[in-house]
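Asker: Quick one: this structure, given as structure tokens, is what I'll be asking you about.
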Ligand code: F6P
């Protein structure tokens, strides 16, 4: 991939034209754009893979759209897209492909990594997921007392937690089993302790999810879980049974999982060509399969695959991930917007903002280009958000009247999984009213005259604040799969334009290494100036270490 983008993007014709064009757009108000063009909604909306996107409430004209598309052409988005799908090296710094799309490919058409076809391994892992989830759901998976498992605890962090946690919650109405699902991620012992406090060791199954099988949060929490199981057993033999029957590992490091005490037959694979934040489609999604059944999990994969097919085949101008990506770039690079907001109007999508934070910020939070040169332009924005409609009564004030504005993705669901159709309509109405209010604002001549002009001014809402509205007819495994793949590809396209590698995370790795050194120092004698001098820590970290001694 390194060779494809040799040009500095800021020097491309499209970039320069966009910079100039932004100054003109700055002067336009969206309320006027809507007024002068009755076809605006039709021109700027698109449907793909069961997902509808209205992007008409953006600060764009047809000219903006054409220039953004030119930028995608200039940065070879189509070539990069082919490289991604065909298993080429897209993760330059680790010399790996990123083949999450292969995980949801329904065909057996061969995809090769290091000369060997990965499809048989993918399908074999899916078969094992089916066996495990079926057995658990039928009450045939037994604990050390011979009783059926009632509770499943996923222990993992980052991509080994956020994906399965979010999808399990999002698809909770499809969870047709008595099994209860739990998720433990935090290094704070309160997380695992509180979870275990409510569980019966004889009927609890642990899934230890860790691609590296060395992430300290996961290994520490898994160790607490292991001890909890063993302590509940009355004989060493029973303890052995509990470990072999009640611990499953999902990892690319089989040997480490075996050493930890997981039975080899209970280890499901992960591969180095699947990034953690792109792994919910793999065996990392086992908690989802257990909760909703493997058939439904297959529908999730099918939804993602439908979006893959759209992304792979649709021309750039009609390509939903490409459009979302370019709109994000428009605001990030030409209006210096620092954040991007995700507002799902669906309670079951409460964990989606956190999931997208990892997906986007761990992928595109990079300041170095693929060729090693510093990025002289802004890259990934801060992603934040909250499930709605509670935010309307909290932070939306700033969205409407704050000195800064930020682009927003509203995510609306038309049909709920309940019988209160009217209340569901109200949720949809709330979503639409927010995007309309942000776009329209309220000008002083629309406010009834007040005795004091300052009272009028306080009520002026500037408007012209952009948003996308993504509509799912219902929150099903299929539409959710498509939605997540949409964001994955959006992030990928942005990384291509910015010429950064979205599939590594060296910043996070640094934190992971430093923690080991700091932990050692916490127990070492650092209070004597002589010893402290040897350690060569900055005075802040040293002071904080000594503060708790
Ligand atoms: O937080 C960094 C990270 O490397 C993520 O990319 C990953 O999803 C997470 O840690 C967990 O890693 P592992 O699955 O190896 O435990």
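Residue numbers (this note's numbering): 532 to 1080. Think of the CB as a built atom: it goes at the ideal place given N, C-alpha and C, for glycine as much as any other residue.
#1: Would you say the beta carbon of residue 688 is closer than 7 Å to some non-hydrogen atom of the ligand F6P?
#2: What residue range is occupied by the uninterrupted alpha helix (DSSP H) comprising residue 840?
#3: Give, in chain order, every unbroken run of the beta strand (DSSP E) that is at least 3 residues long and sits entirely within the segment 1000-1038.
#4: As a quick exercise: from 664, 594 and 629, pick the residue whose alpha carbon is nearest that of residue 649.
#5: Exposed or buried, residue 658, counting other C-beta atoms within 10 Å across all chains shown (16 or more means buried)?
#6: Return helix, strand or coil for residue 802, following the three-state DSSP convention.
#7: Is it buried or exposed, residue 858, if we count other Cβ atoms within 10 angstroms and call 16 or more buried?
#8: Do residue 830 and residue 874 count as a contact pair if the criterion is CB distance below 8 Å?
#9: Any idea which residues DSSP pairs residue 685 with across the strands?
#10: Are residue 807 and residue 691 touching if we call contact CB-CB under 8 Å?
#11: Using beta-carbon positions only, say whether residue 586 and residue 999 come within less than 8 Å of one another.
#12: Grab me the residues of residue 862's own chain with a C-beta within less than 6 Å of its C-beta, minus the 5 sequence neighbours each way, in chain order.
#13: Is residue 797 helix, strand or coil by DSSP?
#14: Cβ atoms of residue 683 and residue 712: under 8 Å apart, would you say?
#15: Leaving aside the five residues before and after residue 716 along the sequence, list all residues of the same chain whose C-beta is less than 6 Å from its C-beta, in chain order.
#16: Once DSSP output is grouped into helix, strand and coil, what is the label at residue 590?
#17: For the ligand F6P, is there a heavy atom less than 7 Å away from the beta-carbon of residue 741?
#18: What is the DSSP secondary structure of residue 540, reduced to helix, strand or coil?
#19: Would residue 949 be called buried (16 or more neighbouring beta carbons within 10 Å of its own) or exposed?
#20: For residue 899, collect the residues of the same chain with a Cβ closer than 8 Å to its Cβ; drop the 5 residues on either side in sequence, then sort them by chain order.
#21: Thinking C-alpha only, which one of 748, 741 and 1019 is nearest residue 893?
#22: What separation, rounded to the nearest whole angstrom, lies between the Cα atoms of residue 542 and residue 890?
#23: Considering only residues of the segment 884-964, which uninterrupted alpha helix (DSSP H) runs meet the minimum length of 4 residues and lie entirely inside it, listed in chain order?
#24: What do you reckon, is the C-beta of residue 715 under 7 Å from a heavy atom of the ligand HEM?
#25: I'd like the list of long-range same chain contacts for residue 809, defined as Cβ closer than 6 Å, with 5 residues on each side in sequence excluded.
#26: With residue 972 and residue 995 assumed to form a contact (beta carbons below 8 Å), what rounded beta-carbon distance in angstroms separates them?
#27: Have a look at residue 702 and residue 988 and give me their C-alpha separation to the nearest angstrom.
#28: Taking all protein chains shown into account, do 16 or more other C-beta atoms lie within 10 angstroms of the C-beta of residue 1045, making it buried, or fewer, making it exposed?
#29: Give the range of the beta strand (DSSP E) segment to which residue 565 is assigned.
#30: Nearest CA to the CA of residue 574: which residue from 840, 582 and 564?
#31: What do you get for residue 740, buried or exposed, if any count of 16 or more other CB atoms within 10 angstroms of its CB means buried?
#32: Just verifying my parser: in three-state terms, what is the DSSP assignment at residue 534?
#33: Between which two residues does the alpha helix (DSSP H) holding residue 758 run?
#34: Taking one C-beta from the segment 972-984 and one from the segment 848-857 each time, how about it: are there three or more such pairs within less than 8 Å?
#35: Sorted by chain position, which residues of the same chain lie with C-beta nearer than 6 Å to residue 676's C-beta, five sequence neighbours on each side aside?
#36: Among the candidates 1071, 881, 664 and 1028, whose CA atom is the shortest distance from the CA of residue 826?
Answerer: So, from the data block:
#1: Because some heavy atom of the ligand F6P lies under 7 Å away, the Cβ of residue 688 counts as near it: yes.
#2: In the DSSP assignment, residue 840 falls within the alpha helix (DSSP H) that extends over 825-844.
#3: DSSP runs (the beta strand (DSSP E)) wholly in the segment 1000-1038: none.
#4: Shortest Cα-Cα distance from residue 649 to any of 664, 594 and 629 involves 629.
#5: Burial call: exposed.
#6: DSSP places residue 802 in coil when its eight states are reduced to three.
#7: Result: buried.
#8: At the C-beta level, residue 874 and residue 830 stay beyond 8 Å of one another.
#9: Answer is 714 and 738, bridged to residue 685.
#10: Cβ atoms of residue 807 and residue 691: closer than 8 Å.
#11: Remark: C-beta atoms of residue 586 and residue 999 approach each other more closely than 8 Å.
#12: Here residue 862 has 868 and 938 as same chain residues with Cβ atoms under 6 Å from its own Cβ, once five neighbours each way along the sequence are excluded.
#13: It is helical.
#14: The criterion of a C-beta distance shorter than 8 Å is satisfied by residue 712 and residue 683.
#15: Only 688 and 692 meet the Cβ criterion.
#16: Three-state DSSP puts residue 590 in coil, outside helix and strand.
#17: Yes, since a heavy atom of the ligand F6P falls inside the 7 Å radius drawn around the Cβ of residue 741.
#18: Residue 540 falls in the helix class under three-state DSSP.
#19: When all chains shown are included, residue 949 counts as exposed.
#20: Leaving aside the five residues that flank residue 899 on each side, the residues in its chain whose CB is nearer than 8 Å to its CB run, in chain order, 905, 906 and 1031.
#21: Shortest Cα-Cα distance from residue 893 to any of 748, 741 and 1019 involves 1019.
#22: Each residue's Cα considered, the two are about 29 Å apart.
#23: Positions of the alpha helix (DSSP H) runs, each at least 4 residues long and wholly inside the segment 884-964, are given as 927-932 in order along the chain.
#24: Absence of the ligand HEM is noted for the structure shown, with the ligand F6P being the only ligands found.
#25: So the list reads 631, once near-sequence residues are dropped.
#26: That belief holds up - the Cβ atoms of residue 972 and residue 995 are roughly 6 Å apart, short of 8 Å.
#27: Per the coordinates, the alpha-carbon of residue 702 lies some 45 Å from the alpha-carbon of residue 988.
#28: Looking at its Cβ environment, which holds fewer than 16 other Cβ atoms inside 10 Å, residue 1045 is exposed.
#29: If you look at residue 565, you'll find it isn't in any beta strand (DSSP E); it sits in the alpha helix (DSSP H) that goes 561-567.
#30: Closest by alpha carbon: 564.
#31: Buried is the call here.
#32: Because residue 534 sits at a pLDDT of 45, beneath the cut-off of 50, its placement in the model cannot be relied upon, and the point is left open.
#33: Here the alpha helix (DSSP H) through residue 758 covers 747-762.
#34: Put simply, the segment 972-984 does not touch the segment 848-857. Fewer than three CB pairs are less than 8 Å apart.
#35: Excluding sequence positions up to five before and after residue 676, its CB lies within less than 6 Å of the CB of 733, all in the same chain and listed in chain order.
#36: Per the Cα distances, 664.
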